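Asker:
Residue numbers (UniProt numbering): 1 to 876.
Next up, the structure:
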């Protein structure tokens, strides 16, 4: 079979993914093997995979494929989140644009029908992208947070928590998104540092010619003022006790109140109190029993309660208010002011409004305590822990009650039912609610008069059950699958949802299963462009995943995003890394073509002493790499693991091993060596498979006939490598590189044969490698000597010297210049090492193995300097 010039990823992808699916390699059922469970962080059903998702899914696939090939029953559950706010906004937009229908004109049932139709049309886009990336998910287990069983689980949990007194309903100051017209939790508000304006406005003291000046960022809320507050210890205002102030724009008389909350030294020492539009003002209002005047409608326009600018958008009203205050002579001055403004995470262009609203809340402190202990005790390990453990702890130690109601239709409708008199009960059905309400209502009611709460639950209130309910662990709490697969093995997610999702899943697991939901949490970093900017559509710096896969292939995309993404650290995405991945594919492909060329040249009697060391050395190098990889997998250092495999394939196998065993021109190769080389190649593809599944499966089957597939081929146990063989191999590489470099510098062509003399106290180190060395540096003969060889090129490697003897005249002046350069470099290097070893702080804080490395550097540099100095003496 003649191979193409380069690896063709599309052909391999179209061939192997359907094959794996047909073989059901990704499907999982409980059996006698240990489970390795991963649940995908459910992407929004509205979305497509961005580069952050790509990194996340690739990491998960690496871990899952590795587990599957290590004897585990790997179960990776895919799915998506209904994303209440984002999806409803898209459906509303679609209805208005395509059908000319407004949400307000539809019944709830009609709107939900359109929403499900939209989900069916667009919801599977993200799944097709996950498949294109090569992700080995169990497609038979695809879950959605609005599936019937999942919906029931969410309602069941709400009822359970309400019965325990952990869910309550009350009027509180909450975050309000005027665009989506829904409440938000504290964690759904993102704050930005901005330059704003501070407006100094004077309020007349009623019945006098005196004025109090206050400073406000929001003059459009003046109409909601119900008091002016000053500090009781502020002598400037002591005489105003019992007085009233007149609110500009609306001429309302409000009391002047005194409270130590006001900072005497800040601004004018006087504060306007607007209980409906600021959390601190709200608390002051409760304390002083102030009137609450809500001047804003849900959509951010001014309400009738504002009396002026009614119907105008809040920011347009601000402009009008400033103009009017100027005209009335009430505006004293304006000044620039640094401020921190909250924006809706779901609508990033929308400023969040504090608003008093009756909402549903979860009491978090009782739930947070076991979730905190699960991590601080080490029962759950966070990677990298040093970076994110403190963040996790801080949030749980300072947790606030969670607002879980949303003023939307898309989502799980809150199971609270109301009677006409306002009394309510929480129940699993309208019928059950009616039976309860009959007993508490003072007047008779009919079931038709019972109305369910219009609000739905926060999306995160459903997704915190994800590791449990994807296995029906709430609705069927003791089923075989939840007992087998729960807790899951590892959660891979982004650092930006530690609060929203990770901590809450731990809470749900401890509350509803009395067990942690996962043993390890691996936080990926944020994907940024090569300038360090967060990727976004507005900047136009976020590439299209499918276009990248079409251009480079899925393996190259996976390689590119993993090679530069240490756990937890931000990734600077550059397409050059994908190019490197494509080049790696082609390097492997060319190695395959080279090895296949030798197949016709195998001969059982072609065995010589030449390749024996090479074959033995690479076997030990494979053992060493496999042991290192196991350690890196255990530490979730996947980027480093890929680098180990990359170097093993590109350098050790392709650049060294294949060169060492390569037969001469038209010469045969030993059948035993060839067969062992094929085995090594297969083992390399197996090590690389979790990272680059398509090229490895393709090459595995092209190397020789196989009845099995690499996708499920089990790794051999890790064994200890022969350190002596490894050391000899490193010596051989070092000597070959140094001698080739010396030949090049002295303009010796590869075809120019030389005599090589080695001056060493350890001749046995070279016994096994002389034949390979001679071939690699084109030495007709290798001998050992105790004396310097005149008219030769001298190369010093640690304590050994190599004399390259040639018929050509050696330029001793140039050689001396090179040695002096090397001497200068080594002396400066030694100086830097000695400086570090002489640093008391370094010696006290560094780990013993780090100090040992520096001491080894010192010894090597000292030996190198001594050898160079001796070589220089030989030239004099």
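Every residue gets a Cβ at the ideal spot worked out from N, C-alpha and C, and that includes glycine. Only a predicted model underlies this, so the values are computations on that prediction, with no experimental measurement involved.
1. Taking only runs that begin and end inside the stretch 170-224, name each unbroken beta strand (DSSP E) of 3 or more residues, in chain order.
2. Throw me the rounded Cβ distance for the residue 878 and residue 867 pair, which I believe falls under 8 Å.
3. If I measure Cβ to Cβ from residue 879 and keep anything under 6 Å in the same chain, skipping five residues before and after, which residues do I get?
4. Apart from the five residues just before and just after residue 797, which ones in its own chain have a Cβ nearer than 7 Å to its Cβ?
5. If we count the other Cβ atoms within 10 Å of its Cβ and call it buried at 16 or more, is residue 3 buried or exposed?
6. Going by alpha carbons, who is nearest to residue 146 out of 412, 416, 345, 569?
7. Ignore the nearest five residues each way along the sequence and tell me which others in residue 639's own chain have a CB closer than 8 Å to its CB.
8. In three-state DSSP terms, what is residue 292?
9. Run through DSSP, which three-state label would residue 403 get?
10. What residue range is occupied by the uninterrupted alpha helix (DSSP H) comprising residue 437?
11. With distances taken Cα to Cα, identify the nearest neighbour of residue 771 among 506, 223, 756.
12. With a CB to CB cut of under 7 Å and the five nearest residues on each side skipped, what residues in its chain are close to residue 255?
13. Residue 336 by DSSP, collapsed to three states: which one?
14. From residue 850 to residue 869, what distance separates their C-alpha atoms?
15. Quick check: residue 323 and residue 198, are their CB atoms within less than 9 Å of each other?
16. Can you list, in chain order, the stretches of the alpha helix (DSSP H) that have 4 or more residues and sit fully within the stretch 29-107?
17. Would you identify the three-state DSSP class for residue 20, choosing helix, strand or coil?
18. Can you tell me whether residue 282 is buried or exposed, with buried defined as 16 or more other CB within 10 angstroms of its CB?
19. Using the three-state DSSP reduction, which class does residue 616 fall into: helix, strand or coil?
20. Suppose only complete runs of 4+ residues qualify. What are the alpha helix (DSSP H) ranges in the stretch 721-800, listed by chain order?
21. Express the C-alpha separation of residue 6 and residue 34 in angstroms, rounding to a whole number.
22. Taking only runs that begin and end inside the stretch 561-607, name each unbroken alpha helix (DSSP H) of 4 or more residues, in chain order.
23. Counting pairs of beta carbons, one from the stretch 142-160 and one from the stretch 426-434, are three or more of them closer than 8 Å?
24. Whole angstroms is fine: what's the gap from residue 482's alpha carbon to residue 466's?
25. If contacts are defined as beta-carbon pairs under 8 Å, then residue 142 and residue 115 qualify, I think. What distance do you get, rounded to the angstrom?
26. Can you grab the Cα-Cα spacing for the pair residue 623 / residue 26, in whole Å?
27. Which residues in the same chain as residue 854 place their Cβ atom closer than 7 Å to its Cβ, once the five residues preceding and following it in sequence are excluded?
28. Please classify residue 609 as buried or exposed, where buried requires at least 16 other C-beta atoms within 10 Å of its C-beta.
29. For residue 784 and residue 758, which I take to be in contact (beta-carbon distance under 8 Å), what is that distance rounded to the nearest angstrom?
30. Tell me whether residue 253 sits in a helix, a strand or coil according to DSSP, three-state version.
31. Here's the rule: buried if 16 or more other CB atoms are within 10 angstroms of the residue's CB, otherwise exposed. What is residue 383?
32. Go through its chain and collect everything with a Cβ distance to residue 530's Cβ below 6 Å, but skip five positions before and after it.
33. One question on the structure: do residue 472 and residue 9 come within less than 9 Å of each other, judged by their Cβ atoms?
34. Which same chain residues end up closer than 6 Å to residue 175 when comparing Cβ atoms and leaving out the 5 residues on each side of it in sequence?
35. What is the residue span of the alpha helix (DSSP H) that residue 8 lies within?
36. Buried or exposed for residue 60, going by 16 or more other Cβ atoms inside 10 Å?
Answerer: According to the structure shown:
1. Secondary structure in the stretch 170-224: the beta strand (DSSP E) runs of 3 residues or longer, each lying completely within the stretch, are 182-184, 189-205, 211-216 in chain order.
2. Given a span of 1 to 876 for the chain in the structure shown, any question on residue 878 remains unanswerable.
3. There is simply no residue 879 to check, as the chain begins at 1 and stops at 876 in what is shown.
4. 734, 735, 738
5. exposed
6. 412
7. 562, 563, 564, 565, 566, 567
8. Here residue 292 sits in coil by DSSP.
9. Strand at residue 403.
10. Per DSSP, residue 437 belongs to the alpha helix (DSSP H) from 430-440.
11. The residue with the shortest Cα to Cα distance from residue 771 is 756.
12. 227, 244
13. strand
14. 29 Å
15. No, the pair does not count as a contact, with Cβ atoms beyond the cut-off.
16. 51-68, 84-94
17. helix
18. buried
19. Looking at residue 616 - three-state DSSP - the assignment turns out to be helix.
20. 723-745, 764-767, 770-777
21. 40 Å
22. 575-598
23. yes
24. 12 Å
25. Going by Cβ atoms, the distance from residue 142 to residue 115 rounds to 19 Å, so no, they are not a contact pair.
26. 28 Å
27. 833, 836, 837
28. Residue confidence is low: residue 609 scores 41 on pLDDT, short of 50, so the model does not pin down where it sits. Its coordinate-derived value is still stated next. With fewer than 16 Cβ atoms within 10 Å of its Cβ, residue 609 is classed as exposed.
29. 5 Å
30. If DSSP states are grouped into helix, strand and coil, residue 253 belongs with the strands.
31. buried
32. 572, 574
33. no
34. 184, 189, 352
35. Careful: residue 8 lies outside any alpha helix (DSSP H) and carries neither H nor E.
36. buried
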